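Structure first, commentary second.
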């Protein structure tokens, strides 16, 4: 049976990691466990459970920052900020259960990225325990800070391989006075992307521009507008115009947040494989039509304002493997990158999470991994970098 | 100070000429003189200056320097305010004056690919016909380069709402100190693996040299409203900043200027700022035109409720440009008040503004110096400008600066918000970071630059120089 370590504070976490390093005991770093499907999860000697590292450490509303222990649930942070009329503008998958540390380590973003920034843009300070037990802080609690290297960025998306996050500081914002949703349906995916592109090129800065489609059905473009009432109304007008320009009409959508949350959790559900690609904006329509032509094509979900596209593939093994390869290649060819976010257990051995292409600068990533985790005990092999 | 044994002086210059040709190498005493300075107060003379034409030149130079143990210091326009471009250990300064082109404006993908020597403002000018611009707008944007912006993670007045340089860079081509060329990222928002671009931006030339940059371009706002509010006291102005944020309004810029700064700006630029105000706020809201007037009115009401005596909203583009010309020309205008100034760059949580500004006043009194304040109040990023006349006053002036930084750190802030650590504040890093924190940054340094030749003597405390600083601090 795998050991479980559940440190209550940063010092206990540092001790546990240092002891594990001394014993060459590998650690799975785990918060709520909502993203166990991500990356190459290899067997580990023990699980380091971060959920006892909980609580708001500091929140001065006038500073528009919040510092929280990394094992705290995102939903609890959201509630605490809401009491002050503020929010942390992230809409990660698994928002109800996921922990802050897990969201940072997995670089979990939803559809709000273009308007509010991704995890890398909102995270301004971290305290982390490195693989040898060193407690390292980077950044701070102020919104602007260039003192020393920005190590925060290295932890975002590192999947626990560089350090165990124990504390994180974020920029937060006042809750917008108004928010509204709208949607429109298009016969062709290219038209949905064209309508989205027309909005992206304005200064409307919608909170979300999401596209969803499947085989045979209509393609839906969903828009969320946040802000003062007048610009929100104008954004809805711009949306109607862009829908009309593509030969369709837009309607208000009252239940948008729930729909976006469901789309966001596309990788958490069901069978089949999910490929996640980050693409140059203008490459999305071609990528979508490549996806739609695949035999196993089941669903496409895009953050059209950021160029992040997820494609669900189902079918027998050969169909899924062929589809995944085609999508990863298509992402690379157009200047983006892709990964397999989820795949059936039966295909784990045949489909590597990061595909066959090496990330650029892999030798530097390996040196960083070696420097931060000299004994290689933190989530060995889980990320694209090791 | 570390003294390296590598190639230096005339033999280095002639070896570089052999390697790259005479037209790319400067080595006479007169030629080297102007490379002793940047926008800060420290100086050092390079052994040679190299003006590469392309990445291949930089790689060739780096390989050579690696073989011969020669430090390499990249330099853009030399507008940096922390001595980042000063070759503190000698060696080669690499000037990007000839690598200053826009390689591509990719409007469909809302990206531009540029060379590091490109002047910041030239990019926004070139992108404007596509309805796009480059967000980071340091006050030196008419001169400073994008490569320098990447090195320092530069900000500017409008980063309150739209982020600093690191939020707008998606791709980099680097030359490591051993000559290896690495291309990272591209036109998508992210790529697989660790965010090396995020770690590199703001590394002040200490991890390698940037030779190509892919940046995000942003749609120009449909409209803007620019408001000037004058307050009887600087406290009134700084308390208003918190009141605006507290009301749930995040303008795209909130800049503060005290009376001394206003005096200088009016003498130099004539921006139309009231001379009798203790503190002036310059604020902007932008985006879709709808609701901008309402937002501006709400801001004006808050200013009035907090004691503003003058409120002015720019009615034309010309008026707006004039208001901004005052702010952006403020550092240069200090020449009206004193022959020289030393600018600090501390950051504090913005709710602590009034108390830390009082500390700045106390420091000025204690040291018998005049300090003008011009800064990004919305971000809590202070820029106290300590005025002085003679070289002999510099040590006292630096001491006053250090005391201000200590107050910033004590308030939970940082020793630098956008000017960088460089050779100016490397000794102060232990104010903000533990030995373990610094050693962790050192692990990153070693991963990129094991030989330690990339802009040595910056960011990290150096035993020789920093011992002197500690003695001065105690005195």
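Protein chains in written order, with the numbering used here: chain A, 1 to 386; chain B, 1001 to 1475. Even glycine gets a Cβ: it sits at the ideal position worked out from N, Cα and C. Values in this document were obtained by computation on a predicted structure and should not be read as measured data.
- Inclusion of residue 1456 of chain B and residue 1221 of chain B in the CB contact set at 8 Å is not warranted, their separation being larger than that value.
- Straight across, the Cα-Cα distance linking residue 13 of chain A with residue 6 of chain A is about 8 Å.
- At a beta-carbon threshold of 8 Å, the residues of chain B lying near residue 60 of chain A are 1349 and 1351, ordered along the chain.
- Between the beta-carbon of residue 1377 of chain B and that of residue 1238 of chain B there is about 7 Å, and that keeps the pair under the 8 Å contact cut.
- A/73 is the residue among A/85, A/73 and A/113 whose C-alpha sits nearest the C-alpha of residue 96 of chain A.
- In the structure shown, residue 1005 of chain B falls within a coil segment according to DSSP collapsed to helix, strand and coil.
- Within its own chain, the residues whose Cβ lies closer than 6 Å to the Cβ of residue 1267 of chain B, once the five positions on either side in sequence are excluded, are 1336, listed in chain order.
- The segment 65-142 of chain A is shown to contain whole alpha helix (DSSP H) runs of 4 or more residues at 74-82, 100-105, 113-116 and 119-122, in chain order.
- Look at the segment 195-207 of chain A: the residues with a C-beta under 9 Å from a C-beta of chain B are 197, 200, 201, 202, 203, 204 and 205.
- Contact check between the segment 1167-1176 of chain B and the segment 1048-1063 of chain B: three or more CB pairs, one atom from each, fall below 8 Å, which counts as touching.
- Residues of the segment 112-145 of chain A that bring their beta carbon within less than 8 Å of a beta carbon in chain B comprise 113, 117, 118, 120, 121, 130, 134, 135, 136, 137, 138, 140, 141, 142, 143, 144 and 145, in sequence order.
- DSSP places residue 257 of chain A in the uninterrupted alpha helix (DSSP H) bounded by 256-264.
- Annotation for residue 1423 of chain B: no alpha helix (DSSP H) segment contains it, and DSSP assigns it neither H nor E.
- For chain A, the residues of the segment 1204-1221 of chain B that bring a beta carbon within less than 9 Å of one of its beta carbons are 1204, 1206, 1207, 1218, 1219, 1220 and 1221, in chain order.
- Within the DSSP bridge table, the entry for residue 342 of chain A names A/274 as partners.
- Note on residue 1345 of chain B: 16 or more other CB atoms within 10 angstroms of its CB, so buried under the neighbour-count rule.
- If you draw a 10 Å sphere on the C-beta of residue 1103 of chain B, you find fewer than 16 other C-beta atoms in it, and that means exposed.
- When DSSP reads this structure, residue 1219 of chain B sits in a beta bridge with B/1132.
- Judged by their CB atoms, residue 1421 of chain B and residue 1204 of chain B are nearer to each other than the 8 Å cut-off.
- For residue 1146 of chain B, the uninterrupted alpha helix (DSSP H) run begins and ends at 1146-1152, by DSSP.
- In this structure, DSSP gives residue 212 of chain A an extended state, which the three-state scheme calls strand.
- Looking only at A/139, A/131 and A/29, the smallest Cα-Cα distance to residue 1434 of chain B is reached by A/139.
- With a contact defined as Cβ atoms closer than 8 Å, residue 70 of chain A and residue 165 of chain A qualify at about 4 Å.
- Within chain A, the residues placing a beta-carbon under 7 Å from that of residue 1448 of chain B are 364, ordered along the chain.
- Contact of residue 250 of chain A with chain B by beta-carbon distance below 9 Å is absent, the smallest such distance being about 17 Å.
- Flagged as an interface residue toward chain B: residue 63 of chain A, by a C-beta distance shorter than 8 Å.
- An exposed status is given to residue 1436 of chain B, since fewer than 16 other beta-carbon atoms sit within 10 Å of its beta-carbon.
- Listed along chain A, the residues sitting closer than 7 Å to residue 1295 of chain B by beta-carbon distance are 228.
- Residue B/1313 holds the alpha-carbon nearest to the alpha-carbon of residue 1272 of chain B among B/1313, B/1302, B/1298 and B/1303.
- Within the segment 210-221 of chain A, contact with chain B at the beta-carbon level (separation under 7 Å) is assigned to no residue.
- In terms of Cβ geometry, residue 1191 of chain B and residue 1185 of chain B form a close pair [threshold 8 Å].
- Spatial neighbours of residue 1306 of chain B in its own chain (CB-CB distance under 8 Å, excluding positions within 5 residues in sequence) are listed in chain order as 1231, 1236, 1239, 1240 and 1243.
- Out of A/85, A/137, A/49 and A/226, the CA that lies nearest to the CA of residue 64 of chain A is found in A/85.
- In this structure the segment 250-259 of chain A does not lie against the segment 277-285 of chain A, because fewer than three pairs of beta carbons, one per stretch, are closer than 8 Å.
- Cβ-Cβ distances below 8 Å link residue 300 of chain A to 189, 211, 212, 213, 214, 288, 291, 292, 309, 310, 311 and 312 in the same chain, with the five nearest sequence neighbours on each side left out; the list follows chain order.
- Nearest C-alpha to residue 1258 of chain B among B/1068, B/1339, B/1250 and B/1233: B/1233.
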